[in-house]
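K.L.:
First the structure, which I've put down as structure tokens, then a few questions once you've had a look.
There are 4 protein chains.
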Amino acid sequence: MASFKSANPFLKPNNDTGFGNNPNSYGGRFINKDGTFNLKREGIGVFDKFSIFQRMLNLSTFKFVLLIVVSYIIINLLFTFAYLLAGPDQLQGIIGQTPWAKFKETFYFSTQTFVTVGYGRINPVGDIASILASIESLSGLMSFAIATGLIYGRFSRPKSYLAFSDFAVISPYKDKTAFMFRFVNYKDNHILTNVEIKVSVALLLEEDGAPTYKFYDLQLERYKVDNLPMNWTAVHAIDENSPLQGFTYKDLENADMEAYVLITGFDEIYASPVLQRTSYTYQELKFEAKFVPMYRESDDGKMTILEVHKLNEVTEAKPQIKA
Amino acid sequence: MASFKSANPFLKPNNDTGFGNNPNSYGGRFINKDGTFNLKREGIGVFDKFSIFQRMLNLSTFKFVLLIVVSYIIINLLFTFAYLLAGPDQLQGIIGQTPWAKFKETFYFSTQTFVTVGYGRINPVGDIASILASIESLSGLMSFAIATGLIYGRFSRPKSYLAFSDFAVISPYKDKTAFMFRFVNYKDNHILTNVEIKVSVALLLEEDGAPTYKFYDLQLERYKVDNLPMNWTAVHAIDENSPLQGFTYKDLENADMEAYVLITGFDEIYASPVLQRTSYTYQELKFEAKFVPMYRESDDGKMTILEVHKLNEVTEAKPQIKA
Amino acid sequence: MASFKSANPFLKPNNDTGFGNNPNSYGGRFINKDGTFNLKREGIGVFDKFSIFQRMLNLSTFKFVLLIVVSYIIINLLFTFAYLLAGPDQLQGIIGQTPWAKFKETFYFSTQTFVTVGYGRINPVGDIASILASIESLSGLMSFAIATGLIYGRFSRPKSYLAFSDFAVISPYKDKTAFMFRFVNYKDNHILTNVEIKVSVALLLEEDGAPTYKFYDLQLERYKVDNLPMNWTAVHAIDENSPLQGFTYKDLENADMEAYVLITGFDEIYASPVLQRTSYTYQELKFEAKFVPMYRESDDGKMTILEVHKLNEVTEAKPQIKA
Amino acid sequence: MASFKSANPFLKPNNDTGFGNNPNSYGGRFINKDGTFNLKREGIGVFDKFSIFQRMLNLSTFKFVLLIVVSYIIINLLFTFAYLLAGPDQLQGIIGQTPWAKFKETFYFSTQTFVTVGYGRINPVGDIASILASIESLSGLMSFAIATGLIYGRFSRPKSYLAFSDFAVISPYKDKTAFMFRFVNYKDNHILTNVEIKVSVALLLEEDGAPTYKFYDLQLERYKVDNLPMNWTAVHAIDENSPLQGFTYKDLENADMEAYVLITGFDEIYASPVLQRTSYTYQELKFEAKFVPMYRESDDGKMTILEVHKLNEVTEAKPQIKA
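These protein sequence lines map, in sequence, to chains B, C, P and L. Counting from 1, one number per residue, gives the positions in the first sequence under my numbering. Counting from 1, one number per residue, gives the positions in the second sequence under my numbering. Counting from 1, one number per residue, gives the positions in the third sequence under my numbering. Counting from 1, one number per residue, gives the positions in the fourth sequence under my numbering.
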């Protein structure tokens, strides 16, 4: 990162990004590809730092089910040991004679108590087992209440179903060159309404003799649409009002360019505002390329077909930027 | 669709509709009568494309109950076969002697386990049946948690209760002609507040020698009301600022006219914004007709009566458009 | 209602109220005291007209519990008859010998099945009873899922906790006369933020020779506050810009005056917008009266005490309107 | 509080705070440190005043669990006494001979009924016990429905996770002096978007010869940011437009200064607006101090580290206000 371009004094920077501008405190990229912030917290307890509910909502379905099953087994093992510690005559109806058989039957009794199925062949007669069983069945119900809340939370949490192109392109656009990327609404019926898009760019530039991160908003040809049923290509013309004007690929690399994107809209299914972020660094740019169309009329002429798999398809195009 | 009218160069089109303007990629209508988009997705897995939660919310009550009952039977049949495969001595308390009787009793045991009623006459003694039963009762509880979430989601999902007239009319209006349709809030107490209505029109017009879809917003006499307790007639005067001025019925047909409607408001019961869409194509226009009033005072003079059944009632009226 | 005042042609009416202005279709008052609209729907089925979920949310706690208990009894009676119809040998473990004793025991078995407690002393052995029991326990779980949803819906539904003064007053205000009413936030911690108040008035006035309802917004001295922790008095000065200027009590009666009120704000506990309505007719006006203060400092000087019970307390005051 | 400064007649006060301005009705501070209002309600029943749901949401996890356990024990004790009152032959299967043993077994039976585990060894045979059991198990299910609602409500309630510095500082700022405080988003991934901050100040000043509370908004160098992933220092320059200009510490004490803060933003996880309040009184000011930076680059240069524990760390700085 030897030489930095100078900041254009005529361009208005965006100082409200919420990011710092000191290169010494900046770690690689501001926003990760998945839209999270590239940031770690220190000096705060793990329970204060993480929101358990939010973690549970973001687990994959597989991991969520696994967590339930593993918790189920562990809780029942703990209660099994407690029943066994309480003594052999606390439970009535156990058939097995060996310790292993008794352990297994006690474990089955524990599961029958936790889920409140309570067949009753094995049942508690001693005080300790009876109290343990009343605690276990209450715990079971409460665990189940928590699971219900988590499952509903996973269902009902508003999220926007947008897939972004893996890269942005620098394409010819009208008689200019433009920075473009696109995204598609891949979920049936989750139409976004009143969609707005905001693109900003972070550039490491020289100002007052020192390298500093400068932030600029990128003007788009169109920054809002009424509805987003299909796909949308965001287009920023690289002209005299663009902070990217005159940058070669090398310049972008030196400037550690990162364009970050925020899409906001209103989701009709959730009746809730949703937003989604992503970012493109200089490594995620494609030059001399433009996106191919991604929808067509159906064969019977009655419907529009959105070709979601073409999201990343490009053809060659000669941009006028010097690569 | 032989001849296309030329696009009026003095009218400002709405380029933010989110629809494409290429006639070759347009399938019949942009928005279906029920407000969904006339669109299909391709090249994406069915699980990515559909939102299961949203599908469940949109099922009719009958289908939703049927789905629960059918799932209940199928899951219990699967567990029944598993218990039977495990062997005859895994369950204790079965009375029946024939395979069919044993199958039935095992099935009943399975249902008693799944819903955690667990009478206990039949109960698992073998390891396999005990483990199967602990899995089945956990599955039962989790299925029930999912059902609870879906039922609450179905209850609580904000929706707007508007019924639209089946057709729009072209009526005389003051000294002009107007495009009108109306809608009614048919649900008691679900008052909409801060209601806004937006009407746009898609017209296939000739521009630069080629037919292309042009989109225009239709100006309304009134586009917002404070509250919507009753019905509302949307009125677009067809004057020199209207993209429909001078169109005969044949012209509208050639232009493949489609007017689409978006109503937004705030629902007080759900404390949530709601929106509803519909569209009117040229086939859904009625000429020389106007809507009759649809409310009156109650007989005792103490209340207003909204006559919802008159939503589609019209009388003859001479519009000044050439039909 | 012999003589009507003429509409002041210099005042801008509010035509966006969503109410009709025809006296022949107006029933007594537009908005009821409790904020609902004075309106009935006709020509639409009861299930389409009412929202069951919303009805359940609005029931008093007593009625809601009663509904659950009564439903519980009725459902169990239905299943009891079904078990009895199936025959005496379908259930095992019944002790009673008389029909009445058998009925009672069958009913108890039914409740044990519905709530899935399933002790098992009485249990189904016949096919019909087994199938009935599997249906009943599934119904029980589903009923319970519905109850969970309703209970959560009742808990979590955003509502604004404002109590309005029973009447509005016409009081002296600075060197003028004003129309005033007040309201108080009576719920601890349910602070409203960004509160706005809108007051409109409906007056039956003569226009073009015919009586017609005219709607006007009433300008307030202050129509928004940042927070509403306490009480607030809305003040409309009756000056030359007021539609009420020069009205005697008789005039207000003839004009069938109704002032309706809409308060909107953001509730921090529910993190949701809330709104509340009420209305004041000419019968609910108090002349020559003004509100007394309703808060004071606590004895130790450490806290403000809000005296909610003083909401309707007034003292005499000489207004300058001719009563 | 002998001498009061005069209110600056050229400064525009904020009269929309919702607070009263009479020193005799003001109790110490307007807003408590935790953001609640320093206010008590009188003359209204405890059930009307408190929102039970909201109370349950605000309980600590420990107290919430304790409440569930204590309620569980109390309800079961009540039912135990009811079963015992009904007589010794109402329950079948009790083994114990002493009253204490019978009491215990009845209690265990009650818990087994309440949580619907229903082993069945002990089961009701008499009418009274059968009816009590059907009531208890229904109560159990309903209690559990309530608990599910409360647990989900606790999970899903939108809240903003901001920690404020314990004090505000009066620091040199550019060539002026400024009032500053800061706050940090301490929760991973709960990024706030469109964050706005509003700071007002209450000052007891002399106006028209009498001391009265005056409210002013404090202008900030920056009052909104696009995102709040990290920390933010609010800066109010004390210049000629500031209501604090020329105040010594003694003046601030006499004026009973209280600055109160409202932060609003949109939380992406909850897809909901959130807000948080706090206040700083003159006792919570630090002079000649400025905040130290609280983030740095990670050792591998790939991430930003936010040092949450440095929130209250300051270094000496010479402000130009006379202390």
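In this text, a Cβ means the ideal position worked out from N, Cα and C, and glycines have one as well.
#1: Leu162 (chain P) and Asn185 (chain P) look like a contact to me (Cβ under 8 Å); what is the Cβ gap, rounded to whole Å?
#2: Can you pull the chain P residues whose beta carbon is under 8 Å from the beta carbon of Gly120 (chain B), in chain order?
#3: Within 8 Å, do at least three Cβ pairs link the segment 259-267 of chain C to the segment 188-196 of chain C?
#4: In chain L, which residues lie less than 7 Å from Asp188 (chain P) when you measure between Cβ atoms?
#5: Using beta-carbon positions only, say whether Leu311 (chain P) and Ile170 (chain P) come within less than 8 Å of one another.
#6: Is there contact between the segment 122-129 of chain B and the segment 137-149 of chain B, where contact requires at least three CB pairs shorter than 8 Å?
#7: Could you say which of L:Phe114, L:Ile122, L:Leu39 and L:Leu91 lies nearest to Met303 (chain P) if we only look at CA atoms?
#8: So what does DSSP say about His309 (chain C), is it helix, strand or coil?
#9: Where do the N-terminal and C-terminal ends of the alpha helix (DSSP H) with Gln112 (chain C) fall, by residue?
#10: At 7 Å on the CB atoms, spell out the chain B contacts of Ala145 (chain C), in chain order.
#11: Pick out the complete beta strand (DSSP E) segments inside the segment 119-146 of chain L, 3 residues or longer, and give them in chain order.
#12: Kindly say whether Asp127 (chain B), judged by its beta-carbon, lies nearer than 8 Å to any beta-carbon of chain L.
#13: What residues of chain C sit near Glu307 (chain B), judged by a beta carbon separation below 8 Å?
#14: For chain C, find out if any of its Cβ atoms is closer than 8 Å to the Cβ of Phe4 (chain B); answer yes or no.
#15: With a Cβ-Cβ cutoff of 8 Å, do Phe215 (chain C) and Phe4 (chain C) count as a contact?
#16: Nearest-angstrom Cα distance between Phe30 (chain L) and Val201 (chain L)?
#17: Straight-line CA distance for Asn123 (chain P) to Phe109 (chain P)?
#18: Please name the residue or residues paired with Pro158 (chain C) in a DSSP beta bridge.
#19: Helix, strand or coil for Asp48 (chain C), going by three-state DSSP, please let me know.
#20: Measuring CB to CB, does Ala237 (chain C) end up less than 8 Å from Tyr173 (chain C)?
#21: Can you tell me which residues form a DSSP beta bridge with Ile151 (chain L)?
#22: Spatial neighbours of Gln219 (chain C) within its chain, please: C-beta separation below 8 Å, excluding the five flanking residues on both sides.
#23: Would you mind working out which of C:Asp251, C:Glu206 and C:Asp217 sits nearest Ser6 (chain C), comparing C-alpha positions?
#24: Starting from Tyr249 (chain C), follow the alpha helix (DSSP H) in both directions and report where the run begins and ends.
#25: Within the 8 Å Cβ cut-off, does Gln276 (chain P) reach chain E?
#26: Between the Cα of Ala168 (chain L) and the Cα atoms of L:Phe10, L:Ile75, L:Ala259 and L:Arg157, which residue gives the shortest distance?
#27: With a threshold of 16 other CB atoms inside 10 Å of the CB of Thr278 (chain B), please say whether the residue is buried or exposed.
#28: With burial defined as no fewer than 16 other Cβ atoms inside 10 Å of the residue's Cβ, what is the status of Trp232 (chain C): buried or exposed?
#29: Kindly list, in the order they appear in chain P, the residues whose Cβ is closer than 9 Å to that of Leu228 (chain C).
#30: Quick check: what's the CA-CA separation for Ser165 (chain L) versus Leu252 (chain L)?
#31: Have a look at L:Lys159, L:Gly93, L:Gln245 and L:Lys318 and flag the residue whose alpha-carbon is nearest the alpha-carbon of Asn58 (chain L).
#32: Taking the DSSP output, what are the residues bridged to His236 (chain B)?
#33: Nearest to Pro23 (chain C) by CA position, among C:Pro273, C:Met257, C:Val314 and C:Glu288, is which residue?
#34: Within the same chain, show all residues whose beta-carbon is closer than 8 Å to that of Thr116 (chain L), passing over the 5 residues directly before and after it, in chain order.
P.N.:
Concretely, from the data shown:
#1: As a position in the third sequence, residue 162 (chain P) is number 162, starting the count at 1. As a position in the third sequence, residue 185 (chain P) is number 185, starting the count at 1. Contact holds; Cβ gap of about 6 Å.
#2: As a first step, residue 120 (chain B) must be located in the first sequence, where it is residue number 120. Under the 8 Å cutoff, chain P gives Tyr119 and Gly120.
#3: yes
#4: Numbered from its first residue, the third sequence carries residue 188 (chain P) at position 188. Within chain L, the residues near Asp188 (chain P) are Arg41, Lys49 and Phe50.
#5: The residue labelled residue 311 (chain P) in the question sits at position 311 within the third sequence. The residue labelled residue 170 (chain P) in the question sits at position 170 within the third sequence. Against a cut-off of 8 Å, the Cβ pair of Ile170 (chain P) and Leu311 (chain P) comes out as no contact.
#6: no
#7: As a position in the third sequence, residue 303 (chain P) is number 303, starting the count at 1. Selected option, being the one with the closest Cα: L:Leu39.
#8: Here residue 309 (chain C) refers to the residue found at position 309 when the second sequence is read from its first residue. Helix, per DSSP.
#9: Here residue 112 (chain C) is taken as the residue at index 112 of the second sequence, counted from 1. Pro99 to Phe114 is the span of the alpha helix (DSSP H), which, as asked, contains Gln112 (chain C).
#10: Against the second sequence, residue 145 (chain C) aligns to sequence position 145. Within chain B, the residues near Ala145 (chain C) are Phe144, Ala147, Thr148 and Ile151.
#11: Counting whole runs of 3 or more residues, the segment 119-146 of chain L contains no beta strand (DSSP E) stretch at all.
#12: Here residue 127 (chain B) corresponds to residue number 127 of the first sequence, with the count starting at 1. With 8 Å as the cut-off, Asp127 (chain B) counts as an interface residue toward chain L.
#13: Here residue 307 (chain B) refers to the residue found at position 307 when the first sequence is read from its first residue. Residues of chain C passing the Cβ test: Glu42 and Gly43.
#14: Taking the first sequence and counting its residues from 1, the one referred to as residue 4 (chain B) is at position 4. Judged by the 8 Å Cβ criterion, Phe4 (chain B) is not in contact with chain C.
#15: By 1-based counting over the second sequence, the position of residue 215 (chain C) is 215. By 1-based counting over the second sequence, the position of residue 4 (chain C) is 4. Not closer than 8 Å, so no.
#16: As a first step, residue 30 (chain L) must be located in the fourth sequence, where it is residue number 30. As a first step, residue 201 (chain L) must be located in the fourth sequence, where it is residue number 201. Taking the straight line from one Cα to the other gives about 10 Å.
#17: Along the third sequence, one-based indexing puts residue 123 (chain P) at 123. Along the third sequence, one-based indexing puts residue 109 (chain P) at 109. Computed Cα separation, rounded: 8 Å.
#18: Translated into the one-based positions of the second sequence, residue 158 (chain C) becomes position 158. BP columns for Pro158 (chain C) are empty, so no partner.
#19: Taking the first residue of the second sequence as position 1, residue 48 (chain C) is located at position 48. In this structure, Asp48 (chain C) counts as helix in the three-state DSSP scheme.
#20: Counted from its first residue, the second sequence places residue 237 (chain C) at position 237. Counted from its first residue, the second sequence places residue 173 (chain C) at position 173. Against a cut-off of 8 Å, the Cβ pair of Tyr173 (chain C) and Ala237 (chain C) comes out as a contact.
#21: Taking the first residue of the fourth sequence as position 1, residue 151 (chain L) is located at position 151. According to DSSP, Ile151 (chain L) bridges with nothing at all.
#22: Position 219 of the second sequence, counting from 1, holds the residue named residue 219 (chain C). When the five nearest sequence neighbours on each side are left out, the beta carbons in the same chain lying within less than 8 Å of the beta carbon of Gln219 (chain C) are those of His236, Ala237, Asn241 and Ser242, in order along the chain.
#23: Sequence index remark: in the second sequence, residue 6 (chain C) carries index 6 (1-based). For Ser6 (chain C), the nearest C-alpha among the options comes from C:Glu206.
#24: Taking the first residue of the second sequence as 1, we reach residue 249 (chain C) at position 249. Where Tyr249 (chain C) is concerned, the enclosing alpha helix (DSSP H) starts and stops at Tyr249 to Asn254.
#25: In the structure shown, chain E does not exist; the protein chains are B, C, P and L.
#26: As a position in the fourth sequence, residue 168 (chain L) is number 168, starting the count at 1. Answer by Cα proximity: L:Ala259.
#27: Along the first sequence, read from residue 1 onward, the residue named residue 278 (chain B) stands at position 278. Burial of Thr278 (chain B) is indicated by the presence of at least 16 other C-beta atoms within 10 angstroms of its C-beta.
#28: Here residue 232 (chain C) corresponds to residue number 232 of the second sequence, with the count starting at 1. So Trp232 (chain C) ends up on the buried side.
#29: Against the second sequence, residue 228 (chain C) aligns to sequence position 228. Residues of chain P whose Cβ lies closer than 9 Å to the Cβ of Leu228 (chain C) are, in chain order, Gly18.
#30: One-based indexing of the fourth sequence puts residue 165 (chain L) at position 165. One-based indexing of the fourth sequence puts residue 252 (chain L) at position 252. Looking at the two C-alpha atoms, the distance is approximately 20 Å.
#31: Counting from one through the fourth sequence, the residue named residue 58 (chain L) turns up at place 58. Among L:Lys159, L:Gly93, L:Gln245 and L:Lys318, the Cα nearest to that of Asn58 (chain L) belongs to L:Lys159.
#32: One-based indexing of the first sequence puts residue 236 (chain B) at position 236. Per DSSP, B:Phe179.
#33: In the second sequence, residue 23 (chain C) corresponds to position 23, counting from 1. Residue C:Met257 is the option with its Cα nearest to Pro23 (chain C).
#34: Residue numbering aside, residue 116 (chain L) sits at position 116 when the fourth sequence is read from its first letter. These residues qualify, in order along the chain: Ser137, Gly140 and Leu141.
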